[in-house]
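Protein sequences, first through last, are from chains A and B.
For the first sequence, the numbering used here assigns the number 41 to the initial residue and increments by one for each residue that follows.
For the second sequence, the numbering used here assigns the number 41 to the initial residue and increments by one for each residue that follows.
For every residue, glycine included, the Cβ atom is placed at its ideal position computed from N, Cα and C.
Some notes on the structure that comes next.
Protein chains: 2
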Amino acid sequence: MQARLEEVKTQVQATLDGAIATLPESELRDAMAYATVGGKRVRAFLVMESCRLHGIDARAALPVAAAVEALHAYSLVHDDLPAMDDDDLRRGMPTCHVQWSEATAILAGDALQTLAFQLLTSEVIGDAEARLRLLRAFAEAVGANGMVWGQAQDIAAETADRPLDLAEVKRLQRAKTGALFGFSAMSGALIAGGDSAPLGRYAKALGLAFQIADDILDVTGDEELTGKRVGKDDAAGKATFVSLLGLEGAKAEARRYVAKATDALNPYGEDAENLRDLARFVIERDT
Amino acid sequence: MQARLEEVKTQVQATLDGAIATLPESELRDAMAYATVGGKRVRAFLVMESCRLHGIDARAALPVAAAVEALHAYSLVHDDLPAMDDDDLRRGMPTCHVQWSEATAILAGDALQTLAFQLLTSEVIGDAEARLRLLRAFAEAVGANGMVWGQAQDIAAETADRPLDLAEVKRLQRAKTGALFGFSAMSGALIAGGDSAPLGRYAKALGLAFQIADDILDVTGDEELTGKRVGKDDAAGKATFVSLLGLEGAKAEARRYVAKATDALNPYGEDAENLRDLARFVIERDT
């Protein structure tokens with residue numbers, strides 16, 4: 041799985057670099073390139089594996105993988121802004137607005153969202169109907185019904201008069217992280233016109249396991265390895281899986297979701313072994 | 041033309057309201073609704089007329105008209121942010137970040153961009169090929185090749201060591217305003233699969249005439265009527281058509297572009313009378 045992840049990283053980076061290289065030379069373009077370097081590429085990996093499971097070749101899958109990573113990069117750039125989470129370190133480098141400026145970071149994020157949609161129109165992905173199925177599902181996942189709604193709830197919770205309870209944290213994270221995980225995992229089925237429900241269930245559980253692991257790393261993690269500041273949630277008095285369940289309780293909950301995720305893959309048999317490995321990886325990672 | 045514009049305003053507002061009403065109740069949704077109220081709806085008008093000229097009925101055109109206005113609203117919300125143009129008044133109301141918060145304004149803008157793409161996937165617009173032609177042209181127009189590039193150049197000019205020259209201002213405005221004008225005016229031809237070149241030429245000239253009129257209104261306009269602050273460009277020492285050509289020179293240049301715009305409509309004969317009226321309106325308006 042690690043070798044496969046490295047291969048995906050290289051291919052997706054090349055696709056993103058290629059798309060950004062066609063843009064007019066400017067600080068905006070440089071900031072977009074800067075924001076799309078690095079990362080674990082979990083979402084891209086989900087796309088590539090989902091496509092492989094549905095007989096979609098890598099050449100068709102790559103623009104979709106690049107699209108989800110461009111979208112994810114935009115969400116990080118905007119989330120890191122001073123008016124939002126106010127982070128100065130991301131993927132081991134200064135955040136986009138620290139490296140450039142707030143204005144450039146806002147615009148680079150904006151243009152990365154556009155680029156994500158643009159990549160999903162690529163003819164190589166499949167026929168027009170297939171691309172439209174992707175575009176509709178993507179818009180549903182990443183806007184005010186999904187990812188942005190989750191981020192807005194996360195920000196609102198900071199000034200609320202009480203911390204969120206467990207059900208609210210799960211609902212928020214299903215939107216903020218889970219919606220794009222879901223799109224990524226279902227993308228192959230969407231292109232092929234197949235049943236996306238098992239991969240949808242997998243992604244829902246995987247997204248929660250991933251977020252619990254993130255909350256655990258915010259407590260136990262090493263800035264050198266994670267490439268981002270740790271201890272921020274606790275300092276902000278934010279409700280997380282760790283604050284709500286305790287460290288051991290959170291670890292148990294993460295394992296429970298990993299089991300749920302791998303169970304959802306039963307219909308795919310051995311073909312889904314990489315996705316099972318990924319589910320185990322997301323809670324064992326130290327980055 | 042004024043009656044037709046009022047009709048378009050009502051229809052587009054209803055389409056936007058309908059789309060936003062389906063979102064989960066939240067401050068985010070309220071801010072999106074707030075940001076999409078009002079405006080001259082010039083871009084929506086271009087879409088509706090372009091579609092009419094190509095035999096596309098209003099029901100199919102409306103999601104496209106709503107998409108360009110959602111995109112335009114997002115660009116205004118982000119342009120008005122403190123890190124960008126730092127405006128407190130827009131369409132006669134407090135700007136989105138003043139009314140809500142910077143975080144909510146960033147997220148509302150983000151989600152409005154997503155909504156714009158989502159609207160363009162609407163089945164009622166036409167077959168999958170037609171919608172993909174729209175989606176590709178839209179992404180090209182509004183991202184780092186078009187509108188966002190123009191806005192980034194505008195911001196960069198504020199801290200440059202010399203003001204922009206006329207050629208640079210035109211190039212910037214062709215991207216910042218012109219690209220979305222172009223998409224809007226060509227949308228009917230894109231859906232129908234017809235020749236979009238004449239409407240492209242019309243929109244290019246119209247966009248510049250519109251921007252020159254904006255620069256003139258920043259000098260001669262009334263805040264009560266324009267609904268936004270005036271005198272800002274001059275106070276910032278920004279290169280505009282007025283600073284470069286003088287007030288009378290700018291007015292003459294605007295008239296020249298209006299003539300160019302109306303000439304481009306010759307292939308459409310009398311059917312394009314509303315678009316000719318619009319070109320004259322954009323330089324005569326006081327709002």
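### Message
For residue 108/A, tell me which candidate among 203/A, 198/A, 123/A, 88/A has the shortest Cα-Cα distance.
### Response
88/A
### Query
Per DSSP, residue 129/A is paired with what?
134/A
### Task
Please decide whether residue 45/B counts as near chain A, where near means a Cβ-Cβ distance under 9 Å.
no
### Task
Using only the heavy atoms of the ligand ADP, determine whether one of them is closer than 8 Å to the beta carbon of residue 270/A.
Questions concerning the ligand ADP fall outside what the structure shown contains, since it holds no ligand whatsoever.
### Query
Which chain B residues sit within Cβ distance under 7 Å of residue 208/A?
Here the premise fails: no neighbours, minimum Cβ distance about 13 Å.
### Task
Let me know the secondary structure DSSP gives residue 270/B once reduced to three states.
coil
### Task
Please check if any C-beta of chain A sits within less than 9 Å of the C-beta of residue 150/B.
yes
### Message
Once DSSP output is grouped into helix, strand and coil, what is the label at residue 144/B?
### Response
helix
### Task
Using a Cβ-Cβ cut-off of less than 7 Å, list which residues of the segment 86-120 of chain A approach chain B; keep chain order.
118
### Task
Look at the alpha carbon of residue 205/B and the alpha carbon of residue 284/B, and state the distance between them as a whole number of angstroms.
7 Å
### Query
What do you reckon, are the CB atoms on residue 98/A and residue 84/A nearer than 9 Å?
no
### Query
Got a sec: is the Cβ-Cβ distance from residue 128/A to anything in chain B below 9 Å?
no
### Query
Counting pairs of beta carbons, one from the segment 246-254 of chain A and one from the segment 218-233 of chain A, are three or more of them closer than 8 Å?
yes
### Query
Of all Cβ atoms in chain B, is any one closer than 9 Å to the Cβ of residue 167/A?
yes
### Query
Which chain A residues sit within Cβ distance under 7 Å of residue 183/B?
151, 154, 155, 158
### Message
Assuming contact is defined by CB atoms lying nearer than 9 Å, are residue 159/A and residue 50/A in contact in what I supplied?
### Response
no
### Task
Tell me, to the nearest whole angstrom, how far the beta carbon of residue 200/B is from that of residue 256/B; I am working on the premise that it is less than 8 Å.
So it is not a contact: roughly 23 Å between Cβ atoms.
### Query
Between residue 52/B and residue 102/B, is the Cβ-Cβ spacing less than 9 Å?
yes
### Task
Could you please give the first and the last residue of the uninterrupted alpha helix (DSSP H) stretch that includes residue 284/B?
281-304
#### Entry: residue 258/B burial status per 10 Å Cβ neighbour count (16 or more: buried)
buried
### Message
Less than 9 Å between the beta carbons of residue 281/B and residue 179/A, yes or no?
### Response
no
#### Entry: Cutoff 9 Å: residue 142/B Cβ touching any chain A Cβ
yes
#### Entry: Residues near residue 122/B in its chain [Cβ-Cβ closer than 8 Å; skip 5 each side]
137, 142
### Task
Closer than 7 Å by beta-carbon distance: list the chain B residues that pair up with residue 329/A, in chain order.
Because chain A in this structure spans residues 41 to 327, residue 329/A falls outside the shown range and cannot be described.
### Message
Does the contact criterion of 3 or more C-beta pairs under 8 Å hold for the segment 300-314 of chain B versus the segment 160-174 of chain B?
### Response
no
### Query
Start and end of the alpha helix (DSSP H) containing residue 329/A?
The requested residue 329/A does not occur in the structure, where chain A is confined to residues 41 to 327.
### Message
Any C-beta of chain A within less than 7 Å: which residues of the segment 52-76 of chain B qualify?
### Response
63, 64, 66, 67, 68, 69, 72
### Message
Quick test of the definition: if touching needs 3 or more C-beta pairs under 8 Å, does the segment 112-132 of chain B touch the segment 139-153 of chain A?
### Response
yes
### Task
Let me know the secondary structure DSSP gives residue 77/A once reduced to three states.
coil
### Interface residues of chain A facing residue 384/B [CB-CB closer than 7 Å]
A question about residue 384/B goes unanswered here, because the residues of chain B that appear run from 41 up to 327.
### Task
Would you tell me roughly how many angstroms separate the C-alpha atoms of residue 252/A and residue 288/A, rounded to the nearest one?
11 Å
### Closest Cα partner of residue 214/A within the set 46/A, 114/A, 260/A, 182/A
182/A
### Task
Using a Cβ cut-off of 9 Å (strictly closer), state whether residue 231/A contacts chain B.
no
### Closest by C-alpha distance to residue 90/A, when choosing among 235/A, 227/A, 306/A, 131/A
227/A
### Task
Can you tell me which of 79/B, 64/B, 254/B puts its alpha carbon nearest to the alpha carbon of residue 272/B?
254/B
### Message
So with CB distances below 8 Å, who are the chain A contacts of residue 172/B?
### Response
161, 168, 171, 172
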